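I have placed the structure first, in the form of structure tokens, so that the comments after it can refer back to it.
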Amino acid sequence: MAGSYERELRIAELAVQKAVIVTKKVLSSVEKGEFRKDDKTSVSLADFAAQALLVAAIHHNFPGDIIVGEEDTAILRSDQGIADRLWELVSTTHLEDEECERSLPSPISPSEMLHYIDLGGTSYGGPKGRVWMIDPIDGTKGFLTGGQYVVCATLLIDGLETVAAFGCPHVNLESGKISEQDKDTAGNGVLISAIRAKGAQVRALSRGDLLESRKIEKNNAINDISKIRFAENFITTTPQFPDRHKIAEKLGAPWNPIHIYSSQLRYMALALGTCDVVLRTPEPTGAAAHVWDHAGGVMVYEEAGGKVTDLNGKDLIFAAGRDLTENFGFVAAPANIHSQVVDATKAVLRLYPEYGTVIDSTA
Numbered sequence: 000m001a002g003s004y005e006r007e008l009r010i011a012e013l014a015v016q017k018a019v020i021v022t023k024k025v026l027s028s029v030e031k032g033e034f035r036k037d038d039k040t041s042v043s044l045a046d047f048a049a050q051a052l053l054v055a056a057i058h059h060n061f062p063g064d065i066i067v068g069e070e071d072t073a074i075l076r077s078d079q080g081i082a083d084r085l086w087e088l089v090s091t092t093h094l095e096d097e098e099c100e101r102s103l104p105s106p107i108s109p110s111e112m113l114h115y116i117d118l119g120g121t122s123y124g125g126p127k128g129r130v131w132m133i134d135p136i137d138g139t140k141g142f143l144t145g146g147q148y149v150v151c152a153t154l155l156i157d158g159l160e161t162v163a164a165f166g167c168p169h170v171n172l173e174s175g176k177i178s179e180q181d182k183d184t185a186g187n188g189v190l191i192s193a194i195r196a197k198g199a200q201v202r203a204l205s206r207g208d209l210l211e212s213r214k215i216e217k218n219n220a221i222n223d224i225s226k227i228r229f230a231e232n233f234i235t236t237t238p239q240f241p242d243r244h245k246i247a248e249k250l251g252a253p254w255n256p257i258h259i260y261s262s263q264l265r266y267m268a269l270a271l272g273t274c275d276v277v278l279r280t281p282e283p284t285g286a287a288a289h290v291w292d293h294a295g296g297v298m299v300y301e302e303a304g305g306k307v308t309d310l311n312g313k314d315l316i317f318a319a320g321r322d323l324t325e326n327f328g329f330v331a332a333p334a335n336i337h338s339q340v341v342d343a344t345k346a347v348l349r350l351y352p353e354y355g356t357v358i359d360s361t362a
């Protein structure tokens, strides 16, 4: 892999910081009563605003790159009121450091704002070239309740995770915990980033230039598997294998999972050592996970010493478009126990034909 990618990393980090600022503006409006807490308009505005700023920053600096995002403008083009409110948010959000702000200009008009959103929302990705995967808000249910969420930007080169930046506004590392219960809405949050083969780092988020970072040390070996900590999403609407606790039992470990809704935040928790194992069991329907929910987070965890594969031992394949269609489930765990967790997961799933058939048919 040629190149240092330091410029790509800096732009991604600054763009994520700027996008975090606009999401926190929306949260402030919710707290002031401008939106009801159950009003999904707030998360829609935050999603669109963050995507517009992320795409504008990346496209300005790397105009030949493909950008794949979650949102498109169909709703905005049919609701002028929301579009106007969105433009007010986007046009008034800036980094406080003038030089940094000049390096990633915002859209200059409502029409350009919509263009940037669609530039991400209508792209597909693929196996060749430079492709940015962005998720303006990973963890929408957490965002709606003032909980944990992540702003994400990852550069894939020929399908390989190369650069990644994640803004986690409600994480407080001083507590030593990351969960939905351990949220810090009063602090700055943290920015976690990585370049492949150069390690991962963490720093406090800021409203201007990047603050000093510290390296995330590789220290993910587990000496006692009976003490591993799982992390789970308890509020997903996606069908899940109901007896995941049996996997822990087979390993001789307790099943008392830490609740983290955001997929990417679970990878950050793994990298920082606040949990040990994350599982995704394959769905009998064959539904695949979105690439932007995992790209970059996998690399951050691997740079911190972890290992991630699907249940057949394959690396996650990010080059197939917008979804992980070539993988079936996955296990993220410390490298020295990863194979044990995979074997335990497969052994339990095979007790249930609708799941075991999926695994065996893809081996």
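The sequence shown begins at 0 in numbering that gives the first Met the number 0 and counts up by one.
A virtual CB, placed ideally from N, CA and C, is assigned to each residue, including glycine.
Computed from a predicted model, the values in this text were never measured in an experiment.
If you draw a 10 Å sphere on the C-beta of P333, you find 16 or more other C-beta atoms in it, and that means buried. Under DSSP, the beta-bridge partners assigned to S192 are A164, Q200. Selection A49, I136, T144 evaluated against L88 yields A49 as nearest (Cα-Cα).
Rounded to whole angstroms, the gap between the alpha carbons of V330 and T308 is 6 Å. Comparing C-alpha distances from A252 to each of T184, V340, G63, L271 shows the shortest one belongs to V340. Taking 4 residues as the minimum length, the alpha helix (DSSP H) runs contained wholly in the segment 252-284 are 262-270, in order along the chain. Here T92 is not bridged, per DSSP, to any residue. For G120, the uninterrupted alpha helix (DSSP H) run begins and ends at 109-120, by DSSP. Contact check for A193 against M267 fails: the beta carbons are separated by 8 Å or more. Looking at the DSSP output, M298 bridges to nothing. Where R129 is concerned, the enclosing beta strand (DSSP E) starts and stops at 129-137. Note on geometry: alpha-carbon atoms of F240 and E98 lie some 50 Å from one another. Around the CB of K182, 16 or more other CB atoms lie within 10 Å, so the residue is classed as buried. Take A18, set aside five residues on each side of it, and the residues of its chain with a beta-carbon closer than 6 Å to its own are A49, L52, L53, V150, in chain order.
For K214, the enclosing beta strand (DSSP E) stretches over residues 213-215. Listed as beta-bridge partners of P126 by DSSP are no residues whatsoever. Measuring C-alpha to C-alpha distances from T92 to each of P104, A82, W291 identifies P104 as the nearest.
Counting only residues of its own chain and dropping the five nearest sequence neighbours on each side, D314 has a CB closer than 7 Å to the CB of T308. By the criterion of at least three beta-carbon pairs nearer than 8 Å, the segment 53-71 is not in contact with the segment 157-164. As a beta-bridge residue in DSSP terms, A332 pairs with K306.
Excluding the 5 residues flanking it on each side, Y115 has same chain C-beta neighbours closer than 7 Å at A51, V54, A55, H58, P106, in chain order. In this structure, the alpha-carbon of K345 lies about 21 Å from that of I221.
Comparing C-alpha distances from T324 to each of F165, I81, G125, R76 shows the shortest one belongs to G125. I74 is classed as exposed because its beta carbon has fewer than 16 other beta carbons within 10 Å across all chains shown. Look at the beta carbons and you see the segment 172-182 touching the segment 258-276: at least three pairs across the two are nearer than 8 Å. Look at E248 here: in three-state DSSP terms it is helix.
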